Each structure stands twice: as structure tokens, then as C-alpha cells.
Amino acid sequence: MANVFNVNLYKSIPLANVGRTTSYIISTLTIFFLTFSLLSLQPVIYILLPIQLFISIFFSYIHLKILGFEGFVLNRKVMFVSLILFIMFLSSFISGVIHEVSALSPTVGYFVGIGVANMQVDKKNNKWEIFLYILALIGVVILNFILNIFG
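Sequential numbering of the sequence shown, starting at 57, is according to this note's numbering.
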């Protein structure tokens, strides 16, 4: 995949969009499985939280760098996505007993964060997209609470 991005520097090819989409899917699944693994290990909280914060910053940075963001915009968007992911992790971590469900919240947080970070300013449907993203976040938090309380 790195070769596709290198070729795209010199000549625009449609395969670069496929590489970006593949990177998005792989990083989203990696967030889920790493979060699930960390929760299954049950480390102490002062080890778990810094590891999860590092994972969220690392994957956000790598994916947004692949998308072509640079400088201050890259740092701002990485902090935005990492903050959403980490808050979703805390909300599921505090209430969660079932690790599979608890790992779903940060995954949806990453999905929403990257989606909002990639929004174009001049699009007309931004309000509708943001509403759907917020609805997805609220839905997964409610699902997490319901499944962990009654499960």
C-alpha cells in the first residue's frame, strides 16, 4: 500500500483512493481488536489509560497523515479524533463488563472522529452528517449501557 501512495505523489491514480479506504477500514478494525485485547488483559488503570491514549493518537496520526493533512491542521485533527476516541473509551470502560461491547464504543468514536475530520467545509449536507454521527455516538453509548447493565 505504501507503494501506491508513493506512485500517487508523481501521477494521480485511482488506486490511491482504494488505499486510503483500505487504511481506514484496517485502522478501525485494529482499534477494535487492540481495545478488546487491552480490556481482556485487565491491566491496572494507570497502565491501561496511557496505552489506550497512545493507541488513539498513533492511529489517528497515521491515518490522517495518509490522507494528506500536514502541520497544524494535522495536529488539531489528531487531537480531535483522539479526544473523541478516548472519551468513548472512558465511557465504555467505566460502565463495561462485557469486553466485546466495551470495545465497540472507541471503535465507533474513531469512525465518527475520522468522518468529521474529513468533512469538507463547502458541502451542503454537513449538518445532516454531523447529526447522524452524533446519533451514532449516542446510540452506541446507550447500547453499551443497556448490554452491560442487563447482560
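For every residue, glycine included, the Cβ atom is placed at its ideal position computed from N, Cα and C.
Small disclaimer: the values here were computed from a predicted structure and weren't measured.
Integer Cβ distance of residue i from residue j, believed to fall under 8 Å
{"i": "ASN200", "j": "VAL157", "result": "6 Å"}
{"i": "LYS210", "j": "LEU120", "result": "Within the shown structure, residues of the chain are numbered from 57 to 207, placing residue 210 beyond reach of any answer."}
{"i": "SER83", "j": "PHE115", "result": "5 Å"}
{"i": "PHE164", "j": "MET144", "result": "The question names Phe, yet the displayed sequence has Val at residue 164. With a Cβ gap of about 7 Å, VAL164 and MET144 count as contacting."}
{"i": "VAL172", "j": "LEU193", "result": "Their Cβ separation, rounded to whole angstroms, is 10 Å, which puts VAL172 and LEU193 out of contact at 8 Å."}
{"i": "ALA159", "j": "PHE92", "result": "4 Å"}
DSSP three-state assignment for residue i, whether helix, strand or coil
{"i": "VAL60", "result": "Note on VAL60: pLDDT 49, under 50, position unreliable in the model; no value is reported."}
{"i": "LYS180", "result": "coil"}
{"i": "ALA192", "result": "helix"}
{"i": "GLY124", "result": "coil"}
{"i": "GLN98", "result": "coil"}
{"i": "ASN204", "result": "helix"}
{"i": "PRO106", "result": "helix"}
{"i": "VAL197", "result": "helix"}
Proximity to residue i [Cα-Cα], best of the options
{"i": "PHE89", "options": "ILE101, GLY75, SER151 and PRO162", "result": "PRO162"}
{"i": "ILE150", "options": "GLY127, ILE190 and LEU104", "result": "LEU104"}
{"i": "PHE136", "options": "ASN174, ILE194, ILE107 and ALA159", "result": "ASN174"}
{"i": "ILE205", "options": "LEU139, HIS155, SER138 and TYR102", "result": "HIS155"}
{"i": "THR77", "options": "MET144, LEU188, ILE170 and GLU126", "result": "ILE170"}
{"i": "LEU146", "options": "TRP184, TYR117, LEU95 and ILE81", "result": "LEU95"}
{"i": "TYR166", "options": "LYS183, TYR102, GLY75 and TYR80", "result": "TYR80"}
{"i": "VAL124", "options": "PRO99, THR86, SER112 and ASN73", "result": "Inspection of the sequence shows that residue 124 is occupied by Gly rather than by Val. Nearest of PRO99, THR86, SER112 and ASN73 to GLY124, Cα basis: ASN73."}
{"i": "ILE107", "options": "SER138, GLU126, ILE122 and LEU85", "result": "SER138"}
{"i": "GLY75", "options": "ILE101, ILE122 and GLY127", "result": "ILE122"}
{"i": "THR86", "options": "LEU188, ILE118, ILE101 and LYS183", "result": "ILE118"}
Quick check on the DSSP output: what are the complete beta strand (DSSP E) runs of length 3 or more inside the segment 153-180, in order along the chain? none
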